Every structure is written in structure tokens, then in C-alpha cells.
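Reading through the C-alpha cells given below for one structure.
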Amino acid sequence: MSRLDPRRIGAALVAPVMAFVTAIVLSSVVLLIAGHAPTTAFRSMFDFGTQPDNMVNILNKSAGYYLSALAVAIGFRMNLFNIGVDGQYRLAAMCAAVVGAAVTLPGPLHIALIVLVAVVVGAVWAGIAGALKVYRGVSEVISTIMLNYIGTAIVAFMLTPQVFAELENNIVKTPELDSSAWFPGITTSGGEVYGFIVVSALVGLGYWFLLGRTRFGFDLRATGMSEPAAVASGVDVKRMVVASMLLSGGVAGLVGMPILLGASHSYGQDFPSGMGFTGIAIALLGRNHPIGVGFAAILWGFLDVSNQILDLEGIPKEIVTIMQGIIVLAVVVAYEVVRRWRINAEQRRVAAQLGGPQAPSSPSTSPAGVA
Amino acid sequence: MTTATATPPPTATPDVEPPRTRAVLLRALALAVAALAVLSVTRVVSGAQDLTSSGTAGAALRLAIPIMLAGLAGLWSERAGVVNIGLEGMMVLGTWCAAYGSLHFGPWAGVLAGILGGAMGGLVHAMATVTFGVDHIVSGVALNLLGPGVARFLSSLLFTGSEGGGVTQSPQVEQPATFTVPWLSDALLSVERRRTFLLSDTAGVLRGLVTDVSWVTVLAVLLIPASIYVLWRTRFGLRLRSCGENPYAAESLGVNVYLYKYLAVVISGGLAGLGGAFLSLVATNIYREAQTGGRGFIGLAAMIFGNWRPGGLALGAGLFGFTDALQLRQGETSVHALFLALAIGLGLFGVWLVVRRRPVAGALSLVLAAGSLALFTLTDTVPAQFTSATPYVTTLLVLALASQRLRMPAADGLIYRKGTAK
Numbered sequence: 000m001s002r003l004d005p006r007r008i009g010a011a012l013v014a015p016v017m018a019f020v021t022a023i024v025l026s027s028v029v030l031l032i033a034g035h036a037p038t039t040a041f042r043s044m045f046d047f048g049t050q051p052d053n054m055v056n057i058l059n060k061s062a063g064y065y066l067s068a069l070a071v072a073i074g075f076r077m078n079l080f081n082i083g084v085d086g087q088y089r090l091a092a093m094c095a096a097v098v099g100a101a102v103t104l105p106g107p108l109h110i111a112l113i114v115l116v117a118v119v120v121g122a123v124w125a126g127i128a129g130a131l132k133v134y135r136g137v138s139e140v141i142s143t144i145m146l147n148y149i150g151t152a153i154v155a156f157m158l159t160p161q162v163f164a165e166l167e168n169n170i171v172k173t174p175e176l177d178s179s180a181w182f183p184g185i186t187t188s189g190g191e192v193y194g195f196i197v198v199s200a201l202v203g204l205g206y207w208f209l210l211g212r213t214r215f216g217f218d219l220r221a222t223g224m225s226e227p228a229a230v231a232s233g234v235d236v237k238r239m240v241v242a243s244m245l246l247s248g249g250v251a252g253l254v255g256m257p258i259l260l261g262a263s264h265s266y267g268q269d270f271p272s273g274m275g276f277t278g279i280a281i282a283l284l285g286r287n288h289p290i291g292v293g294f295a296a297i298l299w300g301f302l303d304v305s306n307q308i309l310d311l312e313g314i315p316k317e318i319v320t321i322m323q324g325i326i327v328l329a330v331v332v333a334y335e336v337v338r339r340w341r342i343n344a345e346q347r348r349v350a351a352q353l354g355g356p357q358a359p360s361s362p363s364t365s366p367a368g369v370a
Numbered sequence: 000m001t002t003a004t005a006t007p008p009p010t011a012t013p014d015v016e017p018p019r020t021r022a023v024l025l026r027a028l029a030l031a032v033a034a035l036a037v038l039s040v041t042r043v044v045s046g047a048q049d050l051t052s053s054g055t056a057g058a059a060l061r062l063a064i065p066i067m068l069a070g071l072a073g074l075w076s077e078r079a080g081v082v083n084i085g086l087e088g089m090m091v092l093g094t095w096c097a098a099y100g101s102l103h104f105g106p107w108a109g110v111l112a113g114i115l116g117g118a119m120g121g122l123v124h125a126m127a128t129v130t131f132g133v134d135h136i137v138s139g140v141a142l143n144l145l146g147p148g149v150a151r152f153l154s155s156l157l158f159t160g161s162e163g164g165g166v167t168q169s170p171q172v173e174q175p176a177t178f179t180v181p182w183l184s185d186a187l188l189s190v191e192r193r194r195t196f197l198l199s200d201t202a203g204v205l206r207g208l209v210t211d212v213s214w215v216t217v218l219a220v221l222l223i224p225a226s227i228y229v230l231w232r233t234r235f236g237l238r239l240r241s242c243g244e245n246p247y248a249a250e251s252l253g254v255n256v257y258l259y260k261y262l263a264v265v266i267s268g269g270l271a272g273l274g275g276a277f278l279s280l281v282a283t284n285i286y287r288e289a290q291t292g293g294r295g296f297i298g299l300a301a302m303i304f305g306n307w308r309p310g311g312l313a314l315g316a317g318l319f320g321f322t323d324a325l326q327l328r329q330g331e332t333s334v335h336a337l338f339l340a341l342a343i344g345l346g347l348f349g350v351w352l353v354v355r356r357r358p359v360a361g362a363l364s365l366v367l368a369a370g371s372l373a374l375f376t377l378t379d380t381v382p383a384q385f386t387s388a389t390p391y392v393t394t395l396l397v398l399a400l401a402s403q404r405l406r407m408p409a410a411d412g413l414i415y416r417k418g419t420a421k
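Chains as they are written, first to last, in numbering that gives the first Met the number 0: chain S, 0 to 370; chain E, 0 to 421.
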């Protein structure tokens, strides 16, 4: 079967569309209960979000979200939960900002050094969790969460004025990077799009190539689908765990780069946090697929930017947070429902082709429990 | 239950049995005395008086309770085989609902509302994981997004406009009553003030535990023996745990696994909600955004630390509560003194290991003790930003050192579908 079979694509789209519709219906109900007209809310969000300057904002936001989701997705593909992307990218951006401000280098080299520092710091921070899992059997879910908090403490320490930061306009931040480290933007009618968005897209391409076209990617996916099968075919699972955590952390290190190199040029108290958790949601929504994740990142950016208009309409903009939560929950439920439906359909098809008098009963229709 | 004594014990230690209860209690008491002695020595040597003061003990208790409740919540759910990483979101729902309930119907209604709010979150998690068979971690992450979102939306709807309320916080609310054991508290205070070795330390800790204690705290502490009783001494508990160990075997014996999993996860949510209610009604008198501060996750870590047992998780929660309290009370000195306590503890542990003929592990422990001692002598204080990370570093260290000996329920986190046993 060709990879571009329309039926396949259709089936892949059923779940996200179902989830999105569910989220809209449920949040409409919530809005109605709260006494607001859902149509007004959604229309004004759409109108606001499609204005050129807001579209630029959406793209800029999604550049970081996309990287964050890819970092999470690398782990997901082999059943590793890197909940620690949040700590990894903040620590990485902080260290990169400090190193970047301390050196003077010609443009491309300067940027390369900053990016390298970010990748290495992110990888090391995630690598701790990988090593703990492999050598000490600590669940990566718990260790990455703990590392998030420890990372937060280290960033807070580095951000104190005597250490690496300075007070400027009542905001503590690292010294500003030289203009040689500013990543050139793309000028559009709505403003400047971060140039780093190109790097984000390239990382997406690299992700697709690595996982879909290399031995390493095959081993990684095999480990995720069935660890015993992977072991039987000679995959060193421990090595894979450490390697994929390092890779995931490295990509996580890039998450703060679009903002650091494209807009803020320093790491301050106002540097966005929480993008790591957003990445988890986006990776789930985009089904760990580089293109799906791209669309999901843009959708998330859209929801984040366009909710600003709701306050002007007198509607609590927090409805969007609920919507995002429902989307994630609905999308995973929808994928599961679609998966079961497809298995049943397949069973029926096979049964029909075998010409049996009766389709085999599916697991869900087995006799009721004896309790 | 009696078969466990007749057959050779399995690799993992068997669950608590009647004849062993007293031994366990004695061991816990011995451990407590030893810990207190180490802390007492540390206090005398380092001069960090707040290490064992009644203020620290009281704060430690207040800080430990939400972590303990979160851990207990995780225990109920995971004993039935459902990993509940959505505890944080359920706690957030608990904090909000408790504040709302207390605001409109009084403090105890608030506690109840908090439990119900958390239980609602548990119900969503149960539906996703049990009915729809979604991956447990994924559903939990979604709940952690949903909980704060719902709380925020409801705040903007119901708290904005009222006095002191807004999108991120509620107005001040009424707290449930507290009590102080009448003359005992004063008697202990006089002993504490004498600063005698060990005696004053014991008095300080005890006084912290009998002064200004909320009735919610008492309720929460009682939930530990209650959980032990229900989960390990009743038919209901045996069936519930069997769903976490081998759901297909339970199914073959006629247990309605879906029902038990639902009940466990909803109870789990209720306990997390109670933890949230504690935060907004007892620890403070206001709902605030991000009030839970990751306690759901630390509770989960306390549960793992306690090897999926109520007693162990209470110990873990106590440890985290204590380190948390220290950083609040003269954190830079107190946490610094903790290095000395760590050095003494590791040193003793190392000697014990050597005596028990495990020289390699013993030597490692002694080296760590020396490193800890060096840190204590070479530095004066720990920067404030790092003291806030103490509980998390402790968790990570404990897990790194102990996780090989832990045993989680055999079917924990696995997706169960009725009638698919192989």
C-alpha cells in the first residue's frame, strides 16, 4: 500500500478532527453555561488570529512549540516520557545566554556556539534521567519531573544579580547578546518572523529522516513498539534509552533559541516557561509525525494568540486553556477509538473474505463478566 | 494471607502481616529515635537551632500532609494498576473547589467540596484509562493541563469582582478549626527551651505535633491506618490490589476489574482533592494559582520511595515535609546543617554495611559521608535558590539509591481489556 493512499490519510485525519470538534462542542457548552455566545467567541478569535501581525505572532510561537513537541516525540516513539523538556530548555537557554554574552565572535560562529551550548546543556540534563533509568532503574517520568524543579532552582540562582545577571528596568536578566548573535528575521507585511523557524523546520526534516530512514530510527521505533522483539533482533535497549534521551534533550535545548536569538537576546525573568509541557500536548495531537506536529504547533500558537481578543468581548479567555486540555484528552481517546474501530473493521473484512458464516467476536463483545 | 508465612518468602518482601505489625512499629520507632539523635548532634555541633524546633516540626507536619495525601492518592490508584500522574491537576481542582465551598457553605463543606472536585478529576482519568484504554501517563498529562485550566476559568467566572478575588486567586476563606493539646504543649515548651541534648529536641518535635494542629490534619493522618486496613485487611482491598497485580487472574475469579479500577481512581482523585483542600484551607486561607507547586508529583515520588506502601509513603512525605520546612526556617543555615546530618547518617550506615560484610557498598557510603562533611566544613551557607530544590534533590538521590529494591504492582500502568487474557 502506498504511503500516500488517500484512505490512509483520511483515517489518520479522523481522530484529530474528531478531537477538535469534540473540544469545540464541549467548550461551547461551557461558554453557554457561563452565559456567553460561543459563535461570537470563535468568530472573533478567528478574525483576530488571521490578521497579518497576529499570524506572524502565531508562527513565531509555533517555532518553539514545534521543537518542544519534536523533543517529546523522540521519547514517545520509544515509549520514553520526557516530561523534563521544560527544565531542559530553560536551563539550556540560560546557559546559552550566559556563554553567548561572554564571548565576542563573528556572526555565524557566535550563533553556532550559542546553539551548541544549548544543545549540549539540554542533552546533558536529559541524559541524567537516561543514565538514572539505565543504571539505577529510576522511572524517567519521576526523574525528569524532579530535574525540572532542580533546573528551575539552578536558573533562579544564575539569574541573581551578583551571579550572571543584571537588573535592568526592574527585570533581572542576563547581559544582552552582541548583535552578531542575532538571528536574522524574515520580514513580512505583518512584521518579522523569526529566522530560526527555518532551523525548526530543518530539525523536523531531520527527525523524519532519522526515524524513518535510518537504522537508528528503526531500532528506536522497534524498541518502542516491542522491547522483547527489539532485544531479540539485537538492539541494545540500554544504549537506545541513553541515546534517545540525549537526542530528545538536545532538541529540547533548541526550544528557547527562536526567542533568545530572534527577539529577547537575553534570558530574563520574563523568558517564557511551560513550553515543555505544551510540547507534550502538541506531540500527542500531532501523533509524533513531523507534519502533524507542525499543524498542531500552529493550531496551538493560534489558540494562544487569538484568545487575547476574548477579554475585549467580555468572555474569559481562560476558556482556551480548557479547550486545549479537552483537545489533548479527546485526541488520545479518539485515536484509541479509531484504532479499535479499524481492528474490528479489519477482522470483519478478513472474515468476509474467508467466507465464514459469522464474523469472529471482537474483544469488546465478549460475554459479560461473571461478577 | 496465612500462606505467606508457610511458603518461603518471595524475592520481594511480603506485605505487612499481623504478627509483623509490632516489629514494624518497633523498627519505625527505633528509626525515629536514631534520626532524632543524629539531628540533635547536628544541632549541637552546627548551632542551627531550628533543626529540631517545634516551629520546624509544626511546619514540617503542615508541609508533609499534602504530599502524604498525594502519595496516598497515588497508592490507591496504582495498587489497582492505574498510574496516576494527573494527581497535580486533581489537587488543583481540590484547591479551587475547597475555597469555593468554604466561601459559600463553611470550612467543612469546603473540605468536602475539595474531595469531590478531586474525585471528578479522578473520574475523568478513570474514563480515559479504563473505559477508553488510553495510555495512563498521557491521560495524566492531559489532566494536568485541564485542572489548572478549569480552575482558572472558574475563577475568572466566579471569583473576579468579589473582594480580594481575581483570575488567579480567591477571596480569603474561613479555615477549619485547629486545636492545641492544653497543658502538654506548655510543658513541652519549657523542656524545649532548656536546649538539653536529645531531650529538648524530642520535646521540640513533639510540641510541634500537638500545637495548633488542624482537625483536617488529624483526619489526614488517620487515613494512613485506614488505608492499610482497607487495602490489606478487607476483601475489598484484596480484590482491588489483585487488579493491580494480575487483572486477568482477578477477572477469572469473578472480580469486576473495571469497577474496582474505577473506584480506586475516583478514591485516588478524592484523596488528591483533600490534599488540595488542605493547601487552600489549612496551609493558607486562600486559593491561589500554582498553589500546589508540584506536590502531586512529589507525592508520587514519596509513594515510590515508600515502595507502594502506606507506612513507607508517610515516611517519605515526612522527609520531604521536613526538608521543605527547613528551607523556610533559616533555610541557608538549616539546609547547610543538613550536610552534617547527612555525613553522620551516611557514616553510620557505612559502618553498619562494613560490619555486615558488604565492604564495597560500605566504603562508597563512607566516601559520600566524607564528601558531605567536606561540603559542610568548606561552605558557610547554601544559597537560598538551592534550598528550595532540597526536596527534589532528596527525591532523586533516594530513588537513585533505592529504586533497585522497589517493587511496584505487577500490572501497574498496563492497559487492561476485559476478556483479552492469553
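Yeah, the Cβ is synthetic: ideal placement off N, Cα and C, and Gly gets one too. Quick caveat: nothing in here was measured; it's all calculated off a predicted structure.
Taking all protein chains shown into account, methionine 119 of chain E has 16 or more neighbouring C-beta atoms within 10 Å of its C-beta and is therefore buried. By the Cβ test, the segment 88 to 100 of chain E is in contact with the segment 270 to 290 of chain E, since at least three Cβ pairs between them sit closer than 8 Å. The beta-bridge partner set that DSSP reports for glycine 267 of chain S consists of S/Lys172.
In this structure, isoleucine 64 of chain E sits near phenylalanine 277 of chain E, with a CB-CB distance shorter than 8 Å.
When secondary structure is reduced to three states using DSSP, glutamine 168 of chain E falls in the strand class.
Under a 10 Å Cβ-count criterion, asparagine 169 of chain S is classified as exposed, with fewer than 16 other Cβ atoms of the shown protein chains found around its own Cβ. Between phenylalanine 348 of chain E and serine 333 of chain E, the C-beta gap is not smaller than 8 Å, which leaves the two residues out of contact. Contact of valine 140 of chain E with chain S by beta-carbon distance below 9 Å involves Phe80, Ile82, Phe276, Ile279, Ala280, Leu283, Val327. Taking C-beta atoms as the reference points, threonine 128 of chain E and valine 81 of chain E count as a pair closer than 8 Å. Residue environment analysis places phenylalanine 196 of chain E among the exposed positions, since fewer than 16 neighbouring C-beta atoms fall within 10 angstroms of its C-beta. Across the set S/Ala36, S/Ala22, S/Leu90, S/Val16, the C-alpha of S/Ala36 shows the shortest separation from the C-alpha of isoleucine 314 of chain S. Here the alpha carbon of tyrosine 334 of chain S sits roughly 11 Å from the alpha carbon of glycine 285 of chain S. Checking the DSSP bridge columns, you'll see arginine 287 of chain E partnered with E/Gln168. With contact defined as three or more Cβ pairs closer than 8 Å, the segment 335 to 342 of chain S and the segment 156 to 169 of chain E are not in contact. When secondary structure is reduced to three states using DSSP, glutamate 191 of chain S falls in the strand class. Residues of the segment 275 to 301 of chain E that bring their beta carbon within less than 8 Å of a beta carbon in chain S comprise Gly293, Phe296, Leu299, Ala300, in sequence order.
Inclusion of leucine 142 of chain E and isoleucine 321 of chain S in the CB contact set at 8 Å is not warranted, their separation being larger than that value. Counting the other CB atoms within 10 Å of its CB gives tryptophan 182 of chain E a total below 16, which places it among the exposed residues. With three or more CB-CB distances shorter than 8 Å, the segment 55 to 69 of chain S counts as touching the segment 247 to 257 of chain S. One thing to note: phenylalanine 270 of chain S has its Cβ no nearer than 8 Å to the Cβ of alanine 101 of chain S.
For the alpha helix (DSSP H) assignment, the uninterrupted runs of no fewer than 4 residues enclosed by the segment 97 to 143 of chain S are, from N- to C-terminal side, 106 to 135. The alpha-carbon separation between threonine 283 of chain E and leucine 90 of chain S amounts to approximately 31 Å.
Taking leucine 302 of chain S as the centre and dropping the five residues before and after it, the same chain places the C-beta of Val319, Met322, Gln323 closer than 7 Å to its C-beta, in chain order. For the segment 125 to 148 of chain S, the set of positions with a beta-carbon nearer than 7 Å to some beta-carbon of chain E reads Leu131, Arg135, Gly136, Val137, Val140, Ile141, Ser142, Ile144, Met145, Tyr148 in chain order. Leucine 166 of chain S: not part of any alpha helix (DSSP H); member of the beta strand (DSSP E) spanning 165 to 167, first to last residue. Residue pairing by DSSP places phenylalanine 178 of chain E opposite E/Val212 in a beta bridge. If you draw a straight line from the Cα of valine 220 of chain E to the Cα of tyrosine 134 of chain S, it comes to about 36 Å.
The three-state secondary structure of isoleucine 84 of chain E, taken from DSSP, is coil. Interface criterion not met: the Cβ of phenylalanine 301 of chain S is under 8 Å from no Cβ in chain E. Bridge pairing for threonine 186 of chain S: S/Glu191 [DSSP]. Taking 8 Å as the Cβ-Cβ cut-off, the segment 210 to 230 of chain S has no residue approaching chain E.
For glycine 116 of chain E, the closest of E/Leu398, E/Arg356, E/Arg193, E/Cys96 by C-alpha to C-alpha distance is E/Cys96. Taking a C-beta cut-off of 7 Å against chain S, the contacting residues of the segment 365 to 397 of chain E are Pro382, Gln384, Phe385, Ser387, Ala388, Tyr391, Val392, Thr394, Leu395, listed in chain order. Cβ contact annotation for glycine 105 of chain E (same chain, cutoff 7 Å, sequence separation greater than five): Glu173, in chain order. Straight across, the Cα-Cα distance linking alanine 340 of chain E with glycine 113 of chain E is about 38 Å.
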